[in-house]
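Report on one structure; see the data block that follows.
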Amino acid sequence: MESLLANFLAKYNYWVYIGLVMIGMYAMIAKRNLVKKIIGMNIVQTAVILFYVSIGAKKGKTIPIIAHGHEDTGHHAVQALDYISPLPHVLMLTAIVVSVATLGVALALAIKIYRQYGTLEEDEIAMRIEDQ
Amino acid sequence: MSAHFPGLVIIIPLVAAFLILIGALLDRRLAFPLTALALLGSLLTAIGLLVKVLQTGVVEYHLAGWAPPVGIAYRVDHLNALVLVAVATVAFVNLMGTRELVKGLFDDRLGPFYTLYILLIAGLQGIVVTGDAFNLYVLLEIAALTGYALVGMSEGRAPLSSLNYIFIGTVGASLYLLGVGYLYLVTGTLNMADLAVRLPALYPSKVVVSAFVICLVGLCIKMGFFPMHAWLPNAYSHAPDPVSSLVAPLVTKVMIYVMIRMMLFVFTPAFAFDQMAISEPMVWLAIVAIVAGSFMALSTRRLKRMLTYIIVAEVGYMVGGFWLGNRLGISGAILHIVNDAIMTLCVFLSAAAIISKVGSDAIDDMQGLFKKMPVTMGVFVVAGLSIIGVPPTCGFFSKWYLISGAVAAGQYGFMAALLLSSLINLVLFFRIFEIAYFEPFHDHHGDHGHFVSAVQEAPFEMLVTLVVTAVLLFALGIYAGDIVSQIIDHAIPVGIT
Numbered sequence: 001m002e003s004l005l006a007n008f009l010a011k012y013n014y015w016v017y018i019g020l021v022m023i024g025m026y027a028m029i030a031k032r033n034l035v036k037k038i039i040g041m042n043i044v045q046t047a048v049i050l051f052y053v054s055i056g057a058k059k060g061k062t063i064p065i066i067a068h069g070h071e072d073t074g075h076h077a078v079q080a081l082d083y084i085s086p087l088p089h090v091l092m093l094t095a096i097v098v099s100v101a102t103l104g105v106a107l108a109l110a111i112k113i114y115r116q117y118g119t120l121e122e123d124e125i126a127m128r129i130e131d132q
Numbered sequence: 133m134s135a136h137f138p139g140l141v142i143i144i145p146l147v148a149a150f151l152i153l154i155g156a157l158l159d160r161r162l163a164f165p166l167t168a169l170a171l172l173g174s175l176l177t178a179i180g181l182l183v184k185v186l187q188t189g190v191v192e193y194h195l196a197g198w199a200p201p202v203g204i205a206y207r208v209d210h211l212n213a214l215v216l217v218a219v220a221t222v223a224f225v226n227l228m229g230t231r232e233l234v235k236g237l238f239d240d241r242l243g244p245f246y247t248l249y250i251l252l253i254a255g256l257q258g259i260v261v262t263g264d265a266f267n268l269y270v271l272l273e274i275a276a277l278t279g280y281a282l283v284g285m286s287e288g289r290a291p292l293s294s295l296n297y298i299f300i301g302t303v304g305a306s307l308y309l310l311g312v313g314y315l316y317l318v319t320g321t322l323n324m325a326d327l328a329v330r331l332p333a334l335y336p337s338k339v340v341v342s343a344f345v346i347c348l349v350g351l352c353i354k355m356g357f358f359p360m361h362a363w364l365p366n367a368y369s370h371a372p373d374p375v376s377s378l379v380a381p382l383v384t385k386v387m388i389y390v391m392i393r394m395m396l397f398v399f400t401p402a403f404a405f406d407q408m409a410i411s412e413p414m415v416w417l418a419i420v421a422i423v424a425g426s427f428m429a430l431s432t433r434r435l436k437r438m439l440t441y442i443i444v445a446e447v448g449y450m451v452g453g454f455w456l457g458n459r460l461g462i463s464g465a466i467l468h469i470v471n472d473a474i475m476t477l478c479v480f481l482s483a484a485a486i487i488s489k490v491g492s493d494a495i496d497d498m499q500g501l502f503k504k505m506p507v508t509m510g511v512f513v514v515a516g517l518s519i520i521g522v523p524p525t526c527g528f529f530s531k532w533y534l535i536s537g538a539v540a541a542g543q544y545g546f547m548a549a550l551l552l553s554s555l556i557n558l559v560l561f562f563r564i565f566e567i568a569y570f571e572p573f574h575d576h577h578g579d580h581g582h583f584v585s586a587v588q589e590a591p592f593e594m595l596v597t598l599v600v601t602a603v604l605l606f607a608l609g610i611y612a613g614d615i616v617s618q619i620i621d622h623a624i625p626v627g628i629t
């Protein structure tokens, strides 16, 4: 039990992202409202982004600017260990743009659906489609 | 100039997308010629790349001059050169054939439509040439987002289907991104060639196994592999006709290419086939996909919907063929990517021509169409024969490789599924041929006062493109042996027998 707790505390960033993915998936599967589903989808994407951001982080290290790492004038070689890895963060800038664009397309379609059926509840839309 | 071909394949459509949007603001008649010019350019570039690869071997291209693993590398070998030509051909031919249809459907939105069209092609071509796992994700989302928008452009049930496609497609892409994240976590690199070098030492690691499983599940969702296919029939059958004939041949096939690329060149065959030992279950899943897809196709009386279920079965062909794990099976899968792209294009284009003239996609409304639209129906017959797998057409040859691969691997269940699916396809298409050929022309809309006897042949450029695709089906069949020995043989790693 203790080891389980220790495991959880040592790697809590992974547990957080797994929890967020599960919440997002649950919303996409169980909710009947299209906007709630879209929110669930966005939570899944954000969880993956947080996962990437967290793997770049290091405890007690500084931002990747050379002057911040070494107290002196920086005559010796750059020590990668002293810095937070910037690469995953840079990658996630692109992923954030992608997730915003996805959200935009999804909301635009939701508007189109609302104009057409007058509702965003899935079961009501299904009823309207059957009526036609 | 030719040194920049791998970059140009993406840059031409990307730059053209902006020009089209601006040009269409000035005069929307500019949209089509600009798109045609750009796609012709990228088609010629793709063919140039294929020739170059055939002459000199693998082409490496470093974007902005940064060498990998730091920079993004585009790496074109025999496999992606072949798929690239197929993608560019389908995009160009479909553009030419659907001009009148697009004008009829989206006359007020020509600029946005063609911008999305060409961005989709930029995304797909990028997926095919890139040698970087994260770059692949970004391009995959470019292709997916434009695909969602194109599918949702028409009225009726299309927006709802498109929204469901977004939900499932986003989960698939996010899982792929997560898998790539795991690989980055243990190797610190995103370059595919670099990953392949660093991974073997880490094969026992559970992280690599998780990455493999997560990536594979994500890609299976994106390609519409059977249990995860639910988005595909709705999205493709409710999409506007010129869009279905673009996304149906390309998107699923490019995703299968990505699976082959990841399995063979990032995770090596030693890992994917031997260590993971999932070949057997994957082939069985493919068998289920083929049988289920075929039966679902049999259960519908709507033309486009039937064709989408056939795609579900065809995805099963390619996934199963690949996971047979021998040279014959993988050759069959790669050959079928190309053949199926052209077959699906041909069959969806003729369906678009038929639906636009008949005004309905019910199979029962196709009575007497052979008399009214002889050329379109002739091409439809050729495409149908190719999907069934009748010898001079290309469908036969890829199926032949797949079946030989199944026999060589001892997977008789897969062989049986392929034969069963061919038989069901036979029923599917001859049911349509019978209605269209033997049943007399019937005037359904007579009560409303206008006569359907006005049904006549599709527009001239549609007919020309239809005939061109039909000829391509024969040409691919006749040269199938050359394609396999000259291109596909070099695309498969030597270790696979």
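Chain order of the listed sequences is A and B.
Its first residue numbered 1, the first sequence is counted upward by one per residue in our numbering.
Its first residue numbered 133, the second sequence is counted upward by one per residue in our numbering.
For every residue, glycine included, the Cβ atom is placed at its ideal position computed from N, Cα and C.
Option in the options with minimal Cα separation from residue i
i, options, result
"B/L322", "B/V147, B/L268, B/I462", "B/L268"
"B/A541", "B/V513, B/L456, B/A218, B/L176", "B/L456"
"B/S492", "B/R563, B/S369, B/S463", "B/S369"
"B/L650", "B/T247, B/S376, B/A305", "Residue 650 of chain B lies beyond the range of chain B shown here (133 to 629); nothing can be said about it."
"B/V511", "B/S530, B/A485, B/T221", "B/A485"
"B/P201", "B/P401, B/L348, B/V329, B/L151", "B/V329"
"B/I487", "B/F224, B/E589, B/I204, B/G613", "B/E589"
"B/F238", "B/T278, B/L216, B/V190, B/E287", "B/E287"
"B/V383", "B/L252, B/I410, B/L460, B/V513", "B/L252"
"B/E566", "B/V208, B/R433, B/Q499", "B/Q499"
"A/I38", "A/G104, A/L20, A/Q116, A/K112", "A/G104"
"A/K58", "A/Y83, A/T46, A/A47", "A/Y83"
"B/F245", "B/M324, B/Q187, B/R160", "B/R160"
"A/W15", "A/A47, A/M28, A/V35", "A/A47"
Inter-residue spacing [alpha-carbon to alpha-carbon] between residue i and residue j
i, j, result
"B/V470", "B/L605", "10 Å"
"B/D496", "B/I519", "21 Å"
"B/V616", "B/F561", "28 Å"
"B/F454", "B/A465", "6 Å"
"B/G527", "B/V420", "21 Å"
"B/P381", "B/Y297", "17 Å"
"B/V283", "B/M394", "28 Å"
"B/T302", "A/M41", "7 Å"
"B/I619", "B/A305", "30 Å"
"B/L151", "B/V341", "45 Å"
"B/H622", "B/L242", "42 Å"
"B/P138", "B/A149", "18 Å"
"B/V185", "B/H136", "13 Å"
"B/L517", "B/N557", "9 Å"
"B/V584", "B/A483", "For B/V584, the predicted structure reports a pLDDT of 49, less than 50, and the residue's modelled location is therefore unreliable. A value from the coordinates is still provided. If you take the alpha carbons of B/V584 and B/A483, they lie about 17 Å apart."
"A/E122", "B/S553", "35 Å"
"B/S377", "A/R128", "29 Å"
"B/V379", "A/Y12", "41 Å"
"B/T629", "B/I353", "29 Å"
Check whether residue i and residue j have beta carbons under 7 Å apart
i, j, result
"B/A549", "B/V423", "yes"
"B/L177", "B/L140", "Checking the displayed sequence, the identity of residue 177 of chain B turns out to be Thr instead of Leu. Yes, Cβ-Cβ distance for B/T177 and B/L140 is below 7 Å."
"B/F502", "B/Y441", "no"
"B/G425", "B/F546", "no"
"B/I259", "B/P145", "no"
"B/G461", "B/A418", "no"
"B/G311", "B/C347", "yes"
"A/S85", "A/G60", "no"
"B/V208", "B/V191", "yes"
"B/L162", "B/G155", "yes"
"B/Y206", "B/T262", "yes"
"B/M693", "B/P365", "This structure leaves residue 693 of chain B out entirely; chain B is present only between 133 and 629."
"B/P506", "A/I113", "no"
Residues bridged to residue i (per DSSP)
i, result
"B/Y638", "Any answer about residue 638 of chain B is impossible in this case: the structure gives chain B only from 133 up to 629."
"B/R207", "B/E192"
"B/T262", "B/Y206"
"A/Y83", "A/T62"
"B/V494", "With the sequence shown as reference, residue 494 of chain B is identified as Ala, and Val is not the correct amino acid for it. Answer by DSSP bridge pairing, in chain order: B/R434."
"A/E121", "A/N33"
"B/N323", "B/D264"
Amino acids of chain C, ordered along the chain, whose beta-carbon sits closer than 8 Å to that of residue i
i, result
"A/I113", "Note that chain C does not occur in the displayed structure, where the protein chains are A and B."
Cβ-based contacts, 7 Å cut-off: residues of the region 256-280 of chain B near chain A: F266, V270, E273, L277, Y280
Contacting positions in the region 294-313 of chain B - beta carbon closer than 7 Å to chain A: S294, L295, I298, F299, T302, V303, S306, L309, L310, G313
Short-range partners of chain B found in the region 43-57 of chain A, where Cβ spacing is below 7 Å: V44, Q45, V48, F51, Y52, I55
Where the region 93-105 of chain A meets chain B: residues whose CB sits under 8 Å from a CB there: T94, A95, V98, A101, T102, V105
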